[in-house]
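Everything on this sheet refers to the single structure shown next.
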Amino acid sequence: MATDKQLEVLTEEQQQELLEKYDTESNVRRLGGIMKWIVFGLLLAFSLFQLYTAIFGQFTAYIQRSIHLGFGLTIIFLLFPSRKKGAKTKVPFYDYLLAIIAAITGIYWTLNYQRLVTSLGKIDQMDFIVGTIVILLVLEAARRAVGLPITIIASLFLVYAFFGPYMPDFLAHRGQSLEQIVNLMYFSTDGILGTPISVSATYIFAFLLFGSFLVKTGVGTYFNDLAIAIAGKLVGGPAKVAIFSSALQGTISGSSVANVVTSGSYTIPMMKKLGYKKEFAGAVEAAASTGGQLMPPIMGAAAFLMVEFIGRGVTYWDIAKAAIIPALLYFSGIWIMTHFEAKKLGLRGLSEEEIPNRKEIFKKLYLLLPIVLIIVLMMSGVPVIHAALYGILSCIIIGFINKEVKFSVKDIIEALVDGARTALAVVAATACAGIIVGVVVKTGLGLGLANSLVKLAGGSILLTLFFVMIASLILGMGAPTTANYVITSTIAAPAIVALLAPDVPQAAVPLVVMLSAHFFVFYFGIIADITPPVALAAFAASGISGGDPIRTGVNSAKLAIAAFIIPYMIVFSPALLMIDVTLLQVVWVVITAFLGMIAIGAGVIGFWYRKINWLERIIVIFAGLAMIYPESMSDIIGLVVFGIMFAIQLFTKNKGNNTKLDASIN
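What follows is the structure in structure tokens.
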């Protein structure tokens, strides 16, 4: 097998530099001395608090969420510098002060609980001061740990809440006083202590801990080895390894950039060594890593929020089940296009010497048992948080069985600390998102924007979806999955619901409509990470490949073209979500969609059995879109054109080629 030196694999230091450059969540201080242990102790205490409440039951909503927020804010001000290039080895005095204030405000609800819950929504001067401080702390913590975009958006929403009477007609509302805004934000469950941070304080934290325990048991490394063993020898093997491993990595990471750096530091050099261009190699990894968050069973933190936002008794498993077919189509699209690109360039797979010992790899399949266990438990109806706890316990057992990682009590403690550290950005993001949600709910902005979008589109479903797509891509730029989903589902999704279910009360909107709308914005919010001009995952991949960032982003968007089509398919053909449909309907939609992806992939890459000219590319893309569009006549037309083009390709496959080409998708 090729050595790391031959592949120019990035060192841990280089990986960390890339993460700090493109992933705000990774830009943390590297403290030493007593402060290192203080932060270590706070992180451990944070995890132990969350585990205790997960096992023995949560405190009341206000106490549980405010303590969770207090822990997060306190540690953020100790770990995250105020500037990207700020001091990384010491904590300035003002951050000590902010951390202490954050800790005090975090226990304010606990100390004043009885008075606050019996005050009938009224707050005194001290409450107003504390609430104002908390709002400012949340905005600053989000700026440091998540990024400037969400902070700006949340700040604009606060301004909008105050200046409502002075807004244009379609945005106008009666306005909120400063006292009302503070009351809403910190002394109700509609603002900072609302649904987003509620999910963070329960499901998300538990699954982040599960992910950190998976890493400690060696599963992250095993994903790469398993992917190489399965896909390494196929045509263009390293690209398919990247797709396979990134889909698996997505089960333990909620960050596109982190996925890119983790798996891409190995797969991108492999692709370059095989003959892929720098920009294409980086694009494959970026597109695949971004799609990791679309792949069940974990799907990043946003899926947990989707459960709460949709309500209706929807379970996490309902969301995961609905996501299966769209996710498989997404990765199929990338797989197909990398295959055609490899064929066009005449690239081989890895040699037998470059493949790890398959027997040894498959002997360690037991490392995947925690993931299998969680899936089975959720399918069985076990509460999500209990499934996560059982998953953590299974990780510990597997860790002690896997002698290669030398698992110990120290690793358990480190996993608890790593999980809490990963959760910090989620705490800041969900708290800041709570500000946005609170303003939208209080002012009715969501419905106003929805009606405006529908009116702008002239009632056209296709045009409305296009406008929502653009809005979701813009809102998702530079924001992590959790934040961009909260923003897009609050602002953009209601437009789709308003059009698909006009004049229907919110509580009576069919579940399939709600899921279609939320999946639509979920997809476009996520793929903002690979859509120029702000394509953080693609930029991180270019940092590994040495390619041009914008070209890498363009190639990423091209490879992920399925992600630009699938959300429309979900809205027009909800059979993809497997809700209230027959097996035959699902099978037909999947087959036509998959054939459509083959046709579109061939057209985009310019190769099928052989190189194809521009006219042929236009024809096969038309055939692909026709098969993807969920209508019987379009399916028939698409299949006929597909069949004709397939036959032409088959009988002219040696035209202009010196080598025998195989059109099967390995």
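FYI, in the working numbering the residues of the sequence shown are 969 to 1634. Glycine included, each C-beta is placed from N, C-alpha and C at the ideal position.
(message) Here's a check: name, in chain order, each residue in its chain whose Cβ is nearer than 6 Å to the Cβ of A1388, leaving out the five neighbours to either side.
(response) Once the five neighbours on either side are set aside, the close Cβ partners of A1388 are L1011, F1014 and S1015.
(request) Would you please state the rounded distance, in angstroms, between the beta carbons of S1362 and L1337? I believe it to be under 8 Å. (result) About 6 Å separates the two Cβ atoms, so the contact holds.
(request) Count the other CB atoms, across all protein chains shown, that sit within 10 Å of the CB of S1231; report buried if there are 16 or more and exposed otherwise. (result) Around the beta carbon of S1231, 16 or more other beta carbons sit within 10 angstroms, so the residue counts as buried.
(message) What would DSSP say about H1090, mapped onto helix, strand or coil?
(response) A quick correction: the sequence has Lys, not His, at residue 1090. DSSP places K1090 in the coil class of the three-state scheme, outside both helix and strand.
(message) I need the straight-line Cα distance from I1380 to I1364, nearest angstrom please.
(response) Spanning the two alpha carbons is a distance of roughly 7 Å.
(request) Report the residue ranges of all alpha helix (DSSP H) runs contained in full by the segment 1540 to 1611; include only those spanning at least 4 residues, in chain order. (result) Segments of the alpha helix (DSSP H) lying fully in the segment 1540 to 1611: 1551 to 1573 and 1582 to 1596.
(message) Using only CA atoms, which one of F1330, G1426 and V1436 lies nearest to G1414?
(response) Taking only the C-alpha atoms, the option nearest G1414 is V1436.
(request) Note down, in chain order, each residue of its chain lying with its Cβ closer than 6 Å to the Cβ of S1524, except the 5 sequence neighbours on either side. (result) A distance below 6 Å between beta-carbons, with the five flanking residues on each side excluded, links S1524 to the following residues of its chain, in chain order: A1251, A1254, A1255, I1498 and A1506.
(request) Could you pull out every residue in the same chain whose Cβ sits closer than 6 Å to the Cβ of N1634, ignoring the five residues on either side in sequence? (result) At N1634 the pLDDT is 45, less than 50, meaning the model places this residue with poor confidence; the figure from the coordinates comes in the next sentence. Closer than 6 Å at the Cβ level, and outside the excluded window around N1634, lie L1202 and V1203.
(request) Would you decide whether Q1617 is buried or exposed? Buried here means 16 or more other CB atoms lie within 10 Å of its CB. (result) Around the beta carbon of Q1617, 16 or more other beta carbons lie within 10 angstroms, which makes this residue buried.
(message) Quick check: what's the CA-CA separation for A970 versus A1129?
(response) Residue placement at A970 is poorly supported in this model, since its pLDDT is 44, which falls under 50; the coordinates are not used for a value here.
(message) Looking at K1026: is its Cβ nearer than 9 Å to the Cβ of T1170?
(response) Note that residue 1026 corresponds to Gln in the displayed sequence, not to Lys. T1170 sits close to Q1026, with the two beta carbons spaced by under 9 Å.
(request) Find the nearest neighbour of D991 within the set F1045, A1113 and M1267, judged by alpha-carbon distance. (result) Answer by Cα proximity: A1113.
(message) The alpha helix (DSSP H) that contains V1187, what's its start and end?
(response) If you look at V1187, you'll find it in the alpha helix (DSSP H) that goes V1187 to A1199.
(request) With a cut-off of 8 Å on the beta carbons, I'd call L1037 and G1009 a contact; round off their distance for me. (result) Between L1037 and G1009 a beta carbon distance of about 19 Å is seen, past the 8 Å cut, so the two are scored as non-contacting.
(request) Answer with buried or exposed for S1600, where buried requires no fewer than 16 other C-beta atoms within 10 angstroms of its C-beta. (result) A residue is called buried once 16 or more other Cβ atoms fall within 10 Å of its Cβ, and S1600, having fewer, is exposed.
(request) Answer with buried or exposed for V1085, where buried requires no fewer than 16 other C-beta atoms within 10 angstroms of its C-beta. (result) Taking all protein chains in view, the Cβ of V1085 is surrounded by fewer than 16 other Cβ atoms within 10 Å, so the residue is classified as exposed.
(request) Indicate whether the contact test is met: 3 or more Cβ pairs, each with one atom in the segment 1180 to 1198 and one in the segment 1135 to 1151, closer than 8 Å. (result) Output reads no: the segment 1135 to 1151 does not touch the segment 1180 to 1198.
(message) How far does the alpha helix (DSSP H) with F1131 in it extend, from its first residue to its last?
(response) No alpha helix (DSSP H) holds F1131; DSSP gives it neither H nor E.
(message) I need the straight-line Cα distance from I1534 to E1584, nearest angstrom please.
(response) Going from the Cα of I1534 to the Cα of E1584 covers about 23 Å.
(message) Check for me: the alpha helix (DSSP H) holding M1649 runs from which residue to which?
(response) An answer regarding residue 1649 cannot be provided, because it is not within the stretch 969 to 1634 covered by the chain.
(message) Three or more C-beta pairs under 8 Å: does that hold for the segment 1305 to 1325 against the segment 1567 to 1578?
(response) Touching, yes.
(message) Closest to I1659 by C-alpha separation, out of L1357, K1332, M1347 and K1378, would be which residue?
(response) A question about residue 1659 goes unanswered here, because the residues of the chain that appear run from 969 up to 1634.
(message) I'd like to know if the segment 1606 to 1617 and the segment 1342 to 1354 are in contact, where contact means that at least 3 CB-CB pairs between them fall below 8 Å.
(response) Contact between the segment 1606 to 1617 and the segment 1342 to 1354 is absent, with fewer than three C-beta pairs closer than 8 Å.
(message) Across the segment 1452 to 1462 and the segment 1472 to 1489, are there enough close Cβ pairs to call them in contact, namely three or more that are closer than 8 Å?
(response) Taking 8 Å as the limit for Cβ pairs, the verdict is that the segment 1472 to 1489 does touch the segment 1452 to 1462.
(request) Quick one: give me the first and last residue of the alpha helix (DSSP H) that D1286 is part of. (result) From DSSP, the alpha helix (DSSP H) with D1286 extends over Y1284 to L1313.
(request) Look at the alpha carbon of I1512 and the alpha carbon of F1155, and state the distance between them as a whole number of angstroms. (result) When rounded, the distance between both Cα atoms is 46 Å.
(request) Could you tell me the distance, in whole angstroms, from the CA atom of Q1018 to the CA atom of A1174? (result) Straight-line measurement puts the Cα of A1174 at about 8 Å from the Cα of Q1018.
(message) What does the alpha-carbon distance come out to for the pair G1054 and I1568?
(response) Their backbone Cα atoms lie some 47 Å apart in a straight line.
(request) Leaving aside the five residues before and after A1356 along the sequence, list all residues of the same chain whose C-beta is less than 6 Å from its C-beta, in chain order. (result) The residues are A1174, F1175 and F1178.
(request) State the DSSP-derived secondary structure class of K1245, mapped to helix, strand or coil. (result) Reduced to three states, the DSSP call for K1245 is coil.
(request) Could you tell me the distance, in whole angstroms, from the CA atom of E1108 to the CA atom of D1386? (result) Approximately 23 Å between the Cα atoms of the pair.
(request) Please state whether DSSP places Q1144 in a helix, a strand or coil. (result) Correct three-state label for Q1144: coil.
(request) Return the CA-CA distance between H1307 and G1205, expressed in angstroms with no decimal places. (result) Their backbone Cα atoms lie some 9 Å apart in a straight line.
(message) Only counting the same chain, and skipping five residues up and downstream in sequence, which positions put a Cβ closer than 7 Å to that of M1153?
(response) The beta carbon of M1153 lies closer than 7 Å to those of G1099, I1103, G1159, I1160, I1403 and G1406 in the same chain, with the five residues before and after it left out.
(message) If you follow the alpha helix (DSSP H) that R1389 is in, where does it begin and where does it stop?
(response) Counting along the chain, R1389 sits inside the alpha helix (DSSP H) bounded by residues V1377 to T1411.
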